[in-house]
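Q: With my numbering applied, the sequence shown closes on residue 360, and no number is skipped along the way.
In this text, a Cβ means the ideal position worked out from N, Cα and C, and glycines have one as well.
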Amino acid sequence: MLTVAKLTLGQEAYYEQQVAAGVDDYYAGRGESPGLWAGRGAEGLGLAGVVEDGGLGTLLRGADPASGSRLR
């Protein structure tokens, strides 16, 4: 099931900690599947595929997760 929620700075740690370490953990119920970049904003930044560890926090702090450069 897809859940959409509003995030604020600091909440990304919870989501990053909930990702399963691997397929076995996911199917055993020990974590969630990794997040995926989606939408026009992600597309505009060239973000696609799985959200890498730390990527969400980087974006919430106003930087591009791919390059680390500051966003306007």
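Which residues does DSSP list as the beta-bridge partners of Glu300?
A: In DSSP, Glu300 forms no bridge with anything.
Q: Select from Asp341, Asp352, Ala309, Glu340 the residue whose C-alpha is nearest the C-alpha of Leu333.
A: Among Asp341, Asp352, Ala309, Glu340, the Cα nearest to that of Leu333 belongs to Asp352.
Q: What residues are listed by DSSP as bridge partners for Val307?
A: Glu320
Q: Please name the residue, chosen from Arg318, Gly317, Gly337, Glu320, that lies closest to Ala326 on a Cα-to-Cα basis.
A: Gly337
Q: Taking the C-alpha atoms as reference points, what is the distance between Gly350 and Asp312?
A: 34 Å
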